Every structure is written in C-alpha cells, then in structure tokens.
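Here the structure comes first, spelled out in structure tokens, and everything after it is commentary.
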Amino acid sequence: MKTRDQTSSLFWLLVSILVFAESLRIGVGTVQNPGMGFMTFGASGILGILSLSLFLQACVRKGDLRQKPLLAGTMWRRILFVLLVLTVYARVMPVLGYLITTFVLMTLLFGILEKKRTGFVSLYALAATFFTYVVFSKWLNCQFPQGLFGF
Amino acid sequence: MDFSAGIIYGFQVTFQPINFLFCGAGVLVGTLVGVLPGIGPAGAMALLLPATFSFSPTSTIILLAGIYYGVQYGGSTTSILVKIPGEASSVMTCIDGHQMARQGRAGPALGIAAWGSFIAGTIANVGLMLVAIPLAHAALRLGPPEYFALMCTGLIIVTYLAQGSVLKAIMMGLVGIILGSVGLDLITGFPRFTFGINELTDGVGIVPLVMGLFGISEILENLEGSLEREIFKPRIKNLWPSLKDWMEAKWAIARGSVIGFLLGILPGGGAVIATFVSYAVEKKISKDPEKFGKGAIEGVAGPESANNAAAGSSLIPLLSLGIPPNPIMAIFFSALIIHGIQPGPLLIRQHPELFWGLVSSLYLGNAFLLILNLPLIGIWIKVLEIPYKILFPMILLFCIIGVYSMNNLSFDLYIMLFFGLVGWLMRKFGYEGAPLILAFVLGPMLENALRQSLLISQGNFLIFFTRPISAVALGFAVLLLLTTLLPNFKKRRQQYDQFHE
C-alpha cells in the first residue's frame with residue numbers, strides 16, 4: 001500500500017492546489033462576510049495538508065517491495081472495453097435513440113463473456129432492450145430519446 | 152396529533168391502494184437488490200426515483216423505505232444459504248449463518264433472521280415515533296451554529312467509523328464538501344467550479360455520483376477476475392426456530408435491537424456498523440465464545456436484528472433535524488427535496504401524512520417481509536443462479552436508465568462513468584465512498600450554516616463555542632479525532648481491519 005498511498009496522496013495534493021487556486025480566484029471574502037470561495041478555500045487547504053501528511057506517512061512506513069502492480073493479474077482490458085463502450089453509448093444514444101443503441105450496447109456487453117453463442121447473445125440483448133423499454137418507458141413513463149428514426 | 156391518532160391516520164394513508172402497492176413493491180425490489188451484488192440500496196433507490204416523479208412524496212418515501220428494509224432481509228438470505236452477502240450489512244450473518252446451513256440448520260437460521268429482523272424493526276418503529284417528534288420540537292430552537300456543529304460532528308463520526316484509514320476518510324469527506332460546492336452559490340447565485348460547463352450549473356447530481364461510486368465501481372471490480380461462483384444448495388426445512396433456538400437467541404435479538412437503534416441514530420452509524428458491533432458484543436459476553444464462527448444462532452440473531460433496527464432509527468435525524476446520517480438517508484433527503492419537501496424540524500408538522508404514512512408503512516413492510524420472504528426463498532436462490540455474465544450487463548443497463556431518467560441528460564451518464572472509474576480506483580487505493588457521499592450532501596448545508604453563523608457573529612468563530620449545544624457537539628468531535636492518535640486505537644483499528652478482511 002506504500003506506493004499506492006504515495007501516488008494517491010500526490011493526486012489529492014494536486015486537486016487541493018487546483019481547488020485552492022480557484023477558490024482564491026472566485027473570492028474567499030472576509031470572516032465577517034464570507035465569499036463563495038470561503039468554504040472550498042478551507043476544505044482544499046485542509047485536504048492539501050492531509051495529503052501531504054499521508055505522503056510523508058507513506059514515505060517513512062516500511063514498504064512492501066514485492067507489492068504487485070495495480071493492474072497485475074486483473075482483466076483490465078475488459079474494464080477498459082466496458083468503459084469505452086459505455087462512453088460511446090452515452091454519446092450516441094441521443095442521436096440514434098434508445099432502442100437501437102441499447103440493443104448494440106447489450107450485444108457488446110453480453111458478448112464480452114459469451115463469445116461462442118452469438119445467437120443467444122443477440123436474443124438476450126433484444127429481450128433486455130425491449131423489457132427495459134416496456135417497463136421504464138411504457139409503464140413507468142420514463143422518457144427515452146427517440147433519435148433520428150423516431151424510436 | 153397524538154400517537155394513537157397519528158398511527159390511525161398513518162394506516163389510513165398506508166392502506167391507500169397506491170401506497171399499499173408501493174410498500175409491497177419496495178420490499179420485493181429491496182429483497183431482490185439485497186440478493187444481488189452490484190446495485191446496492193442507494194443505487195436501487197436512485198434507479199426507481201425518476202419513476203416516482205408523477206406520484207406523491209408520501210408514496211415515493213414509502214417505496215424507498217420498503218427498498219431499504221427489503222435489502223436487509225434479502226442480504227441475510229444469501230448470506231446464510233450461499234455465503235454471498237448481497238449487502239455490506241449482511242457480512243456478519245455469513246459467518247455463523249452459513250455454518251448453520253452447512254450443518255443442515257438453514258431453516259432455523261433463516262427463521263431466526265427473519266423473526267429477529269421483524270422484532271427489531273418493530274422496536275425501531277416504536278422508537279422512531281417516540282424520539283422523532285420531541286427531537287423535531289427541540290430542533291426548532293437550533294440556529295445555524297448548532298446545525299453547523301451537529302453536521303461537523305456527523306461527518307467526523309463517519310470518518311471515525313470508516314473501515315480503513317481515518318486520515319483517508321477525512322480526505323474523502325473534504326473531497327465530498329468540494330464536490331458539493333459545484334454549481335450555483337447559495338448566497339450570491341453565481342456559478343462556481345463549473346468550468347464553463349452549463350450542465351454543472353445545477354451541481355453534480357447525487358444519483359450519477361452514487362451510481363458511479365457504488366454501482367459501476369463494484370461492477371468494474373467484479374469484472375477484474377473470474378466471474379464463476381460456487382452455489383451451495385442446502386436443504387431447507389423447519390423454518391420455525393425451536394424453543395431451544397428461541398431461548399438462545401432472545402437476548403441477542405434484544406441487544407441487537409438496542410445496539411442497532413442507537414447506532415442508527417448516530418450520524419455515520421447505520422446498519423453496517425451496527426452488525427459488526429452486535430456480533431462483537433455477542434461473542435464477548437457469550438459463555439461459550441468458541442462456538443462463534445461454527446454456527447452460533449446468536450451470531451445470526453444479533454446482527455440481523457441490529458441491521459433492521461438501525462435501518463429504522465436512521466430515519467430519525469433525517470425526519471426531525473433534516474440531517475441525513477448516512478449515504479442511504481442522503482438519497483432519501485434528495486428524494487424529498489426533488490418532491491419539493493424540505494426535511495427538517497417542520498416536516499412532521501407540515502406533512503403529517505408523510506411522517507405517519509411512513510411510520511405505518513414500516514410496520515406493514517416488516518409484516519410483508521416476514522410473510523412473503525420465507526416462502527419466496529427458493530426464488531431468491533434461483534436469482535443467485537443467474538450467471539454474472541448475464542447479470543452484469545443488466546445491472547449496468549439499470550444504472551444507465553436510473554441516471555438518464557433523472558434529467559434526460561447524457562451528461563449525467565458521463566458523470567456516472569467518471570465516478571465509476573474514480574470509485575474503482577478508490578477501492579484499489581483504499582479510500583471509502585461513504586464519507587464522500589455524506590459530505591457531498593451535507594456540504595451545501597454546512598456551508599450555509601457556517602456563513603450564516605459568521606454573519607450573525609460578525610466573523611467571530613467563538614460563536615460555535617459560546618452556545619452550549621454547538622460547544623458540546625464540536626468538543627465531542629474534537630475528542631473523537633484526538634482518540635485516533637492514541638496507540639490503543641491504532642492497534643484496535645488494525646485488529647478490526649484484519650477481522651473485516
């Protein structure tokens with residue numbers, strides 16, 4: 001955990017510096033009349049101090065030199081693929097509509113772990129898309145985007 | 152309105168067809184969520200929230216409360232039968248509950264869990280009625296300094312009770328406060344931290360944040376490794392515990408109820424901590440502590456009673472003070488705000504139908520769970536047999552629908568994905584999401600109270616120490632923080648972490 005604490009504390013230190021600077025820019029105000037950056041000024045200041053202290057704690061701690069890298073032994077490509085697919089889905093859904101994009105999304109997601117039986121994958125994807133469409137759009141009146149094709 | 156009139160009125164509200172239906176649907180959905188790993192109670196509530204926009208606030212809150220209650224029940228079923236805690240509040244039940252199932256005593260384990268939950272839930276409901284109304288009256292006399300101090304104390308307790316490093320938990324609290332300040336400033340009305348993105352003017356939504364940090368991150372974590380699970384199928388018979396079981400479990404249920412009730416009220420407490428404390432107490436005072444971990448019925452009865460009692464009592468600070476004590480209550484808080492109701496001391500007086508309707512629905516929901524759940528155990532096991540490769544795309548789709556339906560904005564999906572990635576990394580780096588969520592919700596209120604206090608006192612910070620309630624609350628918070636520096640605390644924390652792992 002030593003290296004991970006060092007890395008994460010540096011990240012939070014950077015965040016605190018950015019928020020601190022932005023708080024100063026939007027105006028901290030005075031103690032008698034606090035401005036809109038007052039609270040974040042204080043919060044980011046304390047966050048910076050704590051990040052620094054976590055970093056120092058991690059530095060003096062006896063480290064585990066044989067610590068595994070963060071993504072070692074994990075199927076990180078699968079995670080990356082899911083995140084990528086979902087990002088594209090969020091971008092495309094308002095343009096192509098719920099039904100088409102969700103069918104494609106579900107085909108890809110079901111297909112991640114079931115590569116052999118493509119027929120089943122398509123069937124599951126179709127069923128999931130129509131099931132959620134009927135339950136949420138028709139019964140519960142949630143509004144889904146219709147897209148270019150009107151469905 | 153006195154208690155008896157309130158209860159009668161409450162049941163009139165609860166037995167309206169729509170509320171009755173929502174109560175039943177809530178407990179069933181909650182049980183399903185409790186069985187399934189991945190969505191969680193906060194995620195399930197967020198998912199169904201957009202669907203309630205066309206219904207009354209009372210029906211909405213009854214539905215959400217049903218989900219919260221149902222989750223506690225559903226989690227225990229899978230903990231006992233297949234050693235998979237659907238929710239964190241059922242982790243302790245796994246230890247002895249599953250051992251009982253392996254010894255052919257799945258029936259009594261499930262039975263005592265259900266009855267313990269029912270008894271504790273009922274006790275918590277009575278406590279809720281008795282405590283919430285006087286507390287709301289007292290809260291009318293509280294000003295911004297007291298509110299600031301109480302919220303600070305709540306946040307400190309959350310960080311103190313966090314499972315990992317206290318330092319990291321405090322850091323997450325501060326990140327939550329910063330995130331909560333994104334959007335329009337409450338006093339000047341100018342946008343801040345929006346970086347020119349129009350969608351951020353209303354702030355970061357709690358639904359995408361919760362779905363991302365809890366739902367998406369858990370799915371990503373599950374996708375890291377093998378998705379195969381071993382399902383142990385025990386034979387279930389004699390769901391009614393024997394007289395001997397009752398005799399062994401009765402005091403565990405009583406103690407679990409009290410512990411759960413008290414820890415549920417406490418800011419930052421909630422169902423998870425209550426189960427850990429209850430199990431530890433039962434083991435500590437047992438004449439035969441060696442039997443714990445080998446199928447002790449007290450190890451099931453105590454934690455199961457505690458988590459239901461905590462679920463009920465955690466409504467008290469929300470309904471009477473307007474302060475959500477844990478992330479689940481933060482969703483309740485947001486739901487009330489979305490429906491135009493300000494949680495706080497005036498809620499009970501201004502919306503008696505909501506308060507009494509909710510209290511009565513808790514009684515009804517408890518009864519529903521007891522009557523419905525034991526016969527439905529077979530179905531919940533079938534749900535668990537669904538392969539994760541089919542389950543995870545569906546959970547992802549539900550998260551997407553829940554988030555998108557809030558505002559019909561794709562931008563919210565980006566927020567969810569971003570926080571999903573952040574949440575996954577937080578798990579990897581040993582940071583907890585709960586302090587962040589609670590601070591995110593409390594942040595704007597905390598800021599408002601701080602700025603108002605400083606305006607009242609003309610910039611004198613001593614205002615927080617010259618008023619008795621705020622002085623006591625802040626003093627307690629400082630003491631708690633100081634205890635984290637004691638060597639004894641550090642040793643206990645290490646033991647707790649090892650135990651938790």
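Protein chains in written order, with my numbering: chain A, 1 to 151; chain B, 152 to 652.
All C-beta atoms in this analysis are idealised placements derived from N, C-alpha and C, irrespective of residue type, glycine included.
Note that this is a predicted model, so its numbers are computed, not measured.
With a threshold of 7 Å between beta carbons, residue 127 (chain A) makes no contact with chain B. Excluding five sequence positions before and after residue 432 (chain B), the CB atoms of its chain that fall closer than 8 Å to its own CB belong to 406, 410, 453, given in chain order. Scanning its chain for C-beta atoms nearer than 8 Å, with the 5 sequence neighbours on each side dropped, one finds around residue 101 (chain A) the residues 89, 92, 93, 147, in chain order.
Per DSSP, reduced to three states, the secondary structure at residue 29 (chain A) is strand.
By the neighbour-count criterion, in which 16 or more other beta carbons inside 10 Å mark a residue as buried, residue 117 (chain A) falls on the exposed side. Sequence-distant partners of residue 142 (chain A) (beyond 5 residues in either direction) whose C-beta falls short of 7 Å from its own C-beta, in its chain, are 136. Only those residues of the region 94-110 of chain A whose C-beta falls short of 8 Å from the nearest C-beta of chain B are listed: 94, 102, 105, 106, 109, 110.
Contacts between residue 43 (chain A) and chain B, judged by CB atoms closer than 7 Å, involve 325, 328, 329 in chain order.
Scanning the region 437-465 of chain B from its first residue to its last, no whole beta strand (DSSP E) run of 3-plus residues comes out. If the five residues before and after residue 36 (chain A) are omitted, its C-beta is found closer than 8 Å to the C-beta atoms of 26, 27, 29, all from its own chain and listed in chain order.
Residue 322 (chain B) belongs to the set of residues whose beta carbon lies under 7 Å from a beta carbon in chain A. Restricting attention to alpha helix (DSSP H) runs no shorter than 4 residues, the region 161-232 of chain B encloses them at 168-186, 191-199, ordered along the chain. The residues 223, 268, 271, 272, in chain order, have a CB closer than 6 Å to that of residue 459 (chain B) in the same chain once the five nearest residues on each side in sequence are set aside. According to DSSP, residue 343 (chain B) shares a beta bridge with B:334.
Under DSSP, residue 34 (chain A) shares a beta bridge with A:29. Sequence-ordered contacts of the region 74-85 of chain A with chain B read 74, 75, 76, 78, 79, 82, 83 [C-beta pairs closer than 8 Å]. Under the 7 Å criterion on CB atoms, residue 580 (chain B) is classed as interfacial with respect to chain A.
The Cβ atoms of residue 548 (chain B) and residue 132 (chain A) lie closer than 7 Å to each other.
Nearest in C-alpha terms to residue 179 (chain B), of all of B:320, B:495, B:214, B:428, is B:214. Taking 9 Å as the upper bound on Cβ-Cβ separation, chain A lies near residues 538, 539, 540, 541, 543, 544, 545, 547, 548, 549, 551 of the region 524-551 of chain B. When the Cα atoms are used, residue 298 (chain B) and residue 600 (chain B) turn out to be separated by approximately 7 Å. Within 10 angstroms of the beta-carbon of residue 367 (chain B) lie 16 or more other beta-carbons, which makes it buried. Residue-level contact by beta carbon fails for residue 304 (chain B) and chain A, as no gap is shorter than 7 Å. The region 467-474 of chain B makes no contact with the region 578-586 of chain B: fewer than 3 CB pairs, one atom from each, lie closer than 8 Å.
Residues of chain B with a Cβ closer than 9 Å to the Cβ of residue 34 (chain A) are, in chain order, 338, 598, 601, 602, 605, 606, 610. By the criterion of at least three beta-carbon pairs nearer than 8 Å, the region 191-203 of chain B is not in contact with the region 346-354 of chain B. Think of a sphere of 7 Å around the beta carbon of residue 332 (chain B): the chain A residues whose beta carbon falls inside it are 39, 40, in chain order. Look at the beta carbons and you see the region 385-404 of chain B not touching the region 599-619 of chain B: under three pairs across the two are nearer than 8 Å.
Close CB contacts of residue 121 (chain A) within its chain, under the 7 Å cut and outside five residues either way in sequence, are with 107, 110, 111, 114 (chain order). The C-beta of residue 564 (chain B) comes closer than 7 Å to at least one C-beta of chain A. Burial is judged here by how many other beta carbons sit within 10 angstroms of a residue's own beta carbon; residue 630 (chain B) has fewer than 16 and is exposed.
Using beta-carbon distances, residue 559 (chain B) counts as an interface residue toward chain A, with a partner under 7 Å.
Rounded to the nearest whole angstrom, the CA to CA distance from residue 248 (chain B) to residue 183 (chain B) is 19 Å. Under the 7 Å criterion on CB atoms, residue 8 (chain A) is classed as interfacial with respect to chain B.
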